Amino acid sequence: MSLVAATIKRDLLLAARNPGEWLNPLMFFLMVVALFPLAVDPDPKFLARIAGGVIWVAALLATLLSLDALYKSDVEDGTLEQWLASGESLYLLALAKALVHWLCSGLPLTLMAPVLGVMMALPQDAYWAMILSLLVGTPVLSLLGSVGAALTAGVRSGGLLLSLLILPMYVPVLIFAASAVYHAGIGMDYNGQIGFLGAMLALAACLTPFAAAAALKLNLSR
Amino acid sequence: MLDRYDNNSVSLAATDLFCERDDRVLFESLSFAIGNGDLLQLAGPNGAGKTTLLRLLAGLNRDYDGELLWHDEPLDDVFSEYAARRLYLGHSAAIKRALTPIENLRWLVSPWAEQANISDDELWQALEQVELGGYEETPCNQLSAGQQRRVGLARLDVVPAPLWILDEPFTALDVYGVEWLEQRIQRHVERNGAVVITSHHALQNIPSLQRLDLGLLAASPSRSDAVSDAEEGAS
Amino acid sequence: MWQKLVRLYHRLGSPKWFYEITSGWIFWLTLVSVIGCVAGLVMGLLFAPADYQQGDSFRIIYIHVPAAIVAQSAFMMMAVSGAVYLVWKMKMAAWVARAVAPLGASFCLIALFTGAIWGKPTWGTWWVWDARLTSMLLLLFLYFGVMALQRAIESEEASHKAGAILSLVGVVNIPIIKYSVEWWNTLHQPATLKLTEKPSMAPEMLWPLLIMIVTTYVFFALMVILRTRNEILWHERKRGWVQELPEMLGGKR
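Residue numbers (my numbering), protein chains in the order written: chain A, 545 to 766; chain B, 57 to 291; chain C, 781 to 1033.
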C-alpha cells in the first residue's frame, strides 16, 4: 500500500478512535444555528428568509474549528518529516488530507443540514439546493482551509490566526451557496450558483494542494 | 535482511558543504563520503548543526551550498530512488498515540510495503523483536515513551534500506533497548549496510565507528563575519 | 537588452546597491509627491466643476480612487515580490514584500474611510454594502491575514515564505472575490447610485484625478523605498558597509 493510501486509511482510523474531533464541530454547527431564532426572531417567515445564510455561516465556522487540527499533530509528532523523507509527492498527500478532512467534516455537515433546515423553517423547495450546495461547497472549504492549516500548523494558538487568513477567502463560496439556497426557496433557478461552486471546486482541487504542499515544507525548515 | 534488495550499494558523497542558519555558519567546506559498511557518528555540542547536517543528508532540507551526491548524481535528481534506499528515523517517532503499535508500524513501512512485499507477519515479528510482544493491540497512549520509540525502531528489521539515517535513536530507551539497538546497528554494518547517526551515546561497543566533529566550526564567532563579508563581495 | 535586465536583476538582489542607489532618489520622489499632491488637489478642489448630481461632495474622489487603486496594486506587488522570493530566494524581495503589506493595508483603510465620508452625503449613511466598498473591505481582511501570519511565525525565513504563499493564494482569490461580490451586489441592491461609475468624466474633472493617481503611486513608491531601506539596515546591521554609513556613525556610542 502506498503512503498516500496508508495515510488516508490511518487518518480515518484516527477519526474513528477520536470521535470528538469530528463530532464536536457538528454539535457546534447545531448550537450556532439554534442561536439565531433565540437572538433574532422565531417567526417561521423570517427564519425561512435567512435559513440558507445562517446554515451556511454556521457550516463555515464549524469547518474552521476542525481545520486547526488538520496538520498540527502531523507536524509535531514527526509524521510530516516521514512524508518528506519518503519522496512521495506532497501534492497528493495534501489532496489526501483535504479529502479526509472533508469526509470527517463537510460530509457529516451535509448529512445533518436537513435537520437544521427543519429547525430554521427552510422552504420545501430549498432542501435539495441546500444539500447540493453543501456537497459541492464544503470540499472547497476543506481545500482552501488546508492551505491555512498548513501555514499555521507550527504556530502556537494558530486556530484564531487560521480563521483570520481563511475567512475572507471563503466569501465567494458563501455568497454563491447561500444564494443558491435562498433562490431555491423563492422558487427560482439555482443551477448557475451550483455551477459556480463546481467551478470553484475544480479550481481549488487543482491549485490549493500546491500551496498547501509549499506551506507544509515551511514547518520543517530549520 | 538486505539480500532481497536488488541494489544495496551505498554511495553518498558530500562535497564542500556550506550551511548557515540565521546568519550563523554551522559548517563550511565539509566533505566526506559514506559507503557500504560505514558507520558515521555526527558529534558536537548542542547547536553545532548535527541535526541540520543529518536532515541535509536525509534530503529533508535543501537549504545549503555545495554538493550532495548519491551514486554521483545530485540528491535532488534521484530523490525517489534515494528515498527508497534510505531509512530516516527522526527525532520524533511519527507515532499516533491513539493507534496501536501494529497500526502505526503499518503506516511507517507503507512507502516500502508494495515494492518489498512486506507481510503483516513480518510486522508482528518485528514488534516481538523490540519486546512489544503482547502490546500489539494496545493503543500507544498506554505505552511508555521508550516503548513508543521501539515501535519506530521496529522498522529497522523490516524496511529493506541499506542506508540508515538515525537522529538520536537511543533517546528514552532503557539499558536493554540500548543494547539491542547497538547490536542491531552493528549487524547492519557487518552486513554491508551503512549508518549515519547523531547521538550523545558513546557507541563504544561498535568497532568500525567513525566520528565527524562539528563543534569546532561553530566555536569561533568571528568566523561568521569573515564568511559573510566574503560572500557579500561575491554578490 | 536581456543581459541588461539580468544585470539589473542581480543588482536589485544586492541590498547594498539598492540602499546606495535609492539614497539619491528620496529627495526627488518627495519633491514629486509634494508638487503632484498640491497641483492635483488645487486643480481638483478649486478648479474642477462640481458634479451635476453630487455637487461638491464628489471631490473626495481625488483621494478615494487613487488610494483604492494603489491598495490593489500593492497586493499585486506584495505577491510578485513574494513569488520572486519563493522561486529565486532573493532576500531583497522578501523585505520589499514585508515593507509593502502595512502600506497596502493603510491605503485600503484610507479608501474605506473616504468611501464612508463620501457615502454620507450620497446615500445618507456612512456605510452601504456597495460592491466596491465591500471588495475593499475584504482586501483589507486579506492584508490583515498576511500581516498577522508574518507576525506569528518566529523563524524569519519561514515567516517570509508563509507570507508569500498566502499573498499568492490571495491574488488568485481576489478576482473571484471581486466578481462574486459584484454579482451578490447586483442581486440585492439593484440600481443604486454607484460612487465612481461615471459614463464619461469631463476633462477638467479627469485631469486632476490622473495627476493624483500618479502622485499616489509615486508617494507609495517613496514609502516602499523608505521601509525597505529600514529593513536593509536592520538585517545588514552587522555588515561592514552599514556600519561605515555616515548616518550610522552618529548613533554609535
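Heads up, the beta-carbon is just placed ideally off N, CA and C, and yes, glycines get one too. Note that the structure is predicted; figures quoted are calculated from it, not measured.
Asked, Found
"Buried or exposed by the 16-neighbour rule on C-beta atoms within 10 Å, applied to residue 117 (chain B)", "buried"
"Rounded separation between residue 798 (chain C) and residue 819 (chain C) - CA only", "30 Å"
"Within-8 Å CB hit, residue 546 (chain A) to chain B", "yes"
"Beta-carbon gap between residue 615 (chain A) and residue 694 (chain A) smaller than 8 Å", "yes"
"Cβ neighbour criterion (16 or more within 10 Å) applied to residue 868 (chain C)", "exposed"
"Exposure of residue 852 (chain C), with buried meaning 16 or more beta-carbon neighbours within 10 Å", "buried"
"Local conformation of residue 915 (chain C) per DSSP, three classes", "helix"
"Host beta strand (DSSP E) of residue 73 (chain B) (start-end)", "67 to 77"
"Top-ranked residue by Cα proximity to residue 552 (chain A), from A:623, A:594 and A:637", "A:637"
"Rounded straight-line distance, which links the Cα of residue 883 (chain C) to that of residue 142 (chain B)", "48 Å"
"Bounding residues of the alpha helix (DSSP H) (the contiguous stretch that carries residue 554 (chain A))", "547 to 561"
"The region 662 to 669 of chain A contacting the region 689 to 705 of chain A, beta-carbon criterion three pairs below 8 Å", "no"
"Contiguous alpha helix (DSSP H) assignments of at least 4 residues, all confined to the region 858 to 893 of chain C", "none"
"Whole-Å CB distance - residue 65 (chain B) paired with residue 126 (chain B), under 8 Å assumed", "About 11 Å; that fails the 8 Å criterion."
"Residue 838 (chain C) - containing beta strand (DSSP E), residue span", "Looking at the DSSP string, residue 838 (chain C) is not in any beta strand (DSSP E), and its letter there is neither H nor E."
"Residue 933 (chain C) in three-state terms, based on DSSP", "coil"
"Cβ neighbours of residue 283 (chain B) in the same chain (closer than 7 Å, five flanking residues each side left out)", "For residue 283 (chain B), the predicted model reports a pLDDT of 36, less than 50, meaning its position is unreliable; a value from the coordinates is still stated below. Within the same chain, residue 283 (chain B) has close Cβ partners 81 and 84."
"Cutoff 8 Å: residue 286 (chain B) Cβ touching any chain A Cβ", "A caution first: residue 286 (chain B) carries a pLDDT of 35, below 50, which makes its placement in the model unreliable, though a value can still be read off. Not one chain A Cβ lies under 8 Å of residue 286 (chain B)."
"Residue 1024 (chain C) - DSSP class collapsed to helix/strand/coil", "coil"
"Residue-level contact to chain A via CB, residue 837 (chain C), 8 Å cutoff", "no"
"CA-to-CA distance, residue 131 (chain B) to residue 72 (chain B), given in whole angstroms", "15 Å"
"Cβ-Cβ distance between residue 185 (chain B) and residue 210 (chain B) below 8 Å", "yes"
"Residue 226 (chain B): contacting residues in chain A (beta-carbon distance under 7 Å)", "Simply none; closest approach about 16 Å."
"Partner residues on chain A for residue 924 (chain C), Cβ-Cβ distance less than 8 Å", "708"
"Proximal residues, the region 158 to 176 of chain B versus chain A, C-beta separation under 8 Å", "159, 162, 163, 164, 166, 167, 169 and 170"
"Whole-angstrom C-beta distance between residue 929 (chain C) and residue 944 (chain C), which should lie under 8 Å", "Rounded, the Cβ-Cβ distance is 10 Å, inconsistent with contact."
"Proximity to residue 921 (chain C) [Cα-Cα], best of C:902, C:910, C:892 and C:903", "C:892"
"Residue 184 (chain B), enclosing alpha helix (DSSP H) - first and last residue", "176 to 185"
"Bounding residues of the alpha helix (DSSP H) (the contiguous stretch that carries residue 996 (chain C))", "983 to 1015"
"In DSSP terms, what residue 251 (chain B) is bridged to", "B:95 and B:220"
"Rounded separation between residue 720 (chain A) and residue 732 (chain A) - CA only", "14 Å"
"Local Cβ density within 10 Å of residue 888 (chain C), reported as buried at 16 or more and exposed below that", "buried"
"Nonlocal neighbours in the same chain, by C-beta distance under 7 Å from residue 724 (chain A), ignoring five residues either side", "673, 677, 734, 737 and 738"
"Limits of the alpha helix (DSSP H) - the one that residue 123 (chain B) falls within", "No alpha helix (DSSP H) contains residue 123 (chain B), which is instead part of the beta strand (DSSP E) from 121 to 126."
"Residue 952 (chain C) at chain A interface by Cβ criterion, 8 Å", "yes"
"Spatially closest choice to residue 1014 (chain C) from C:991, C:872, C:958 and C:845, by CA coordinates", "C:872"
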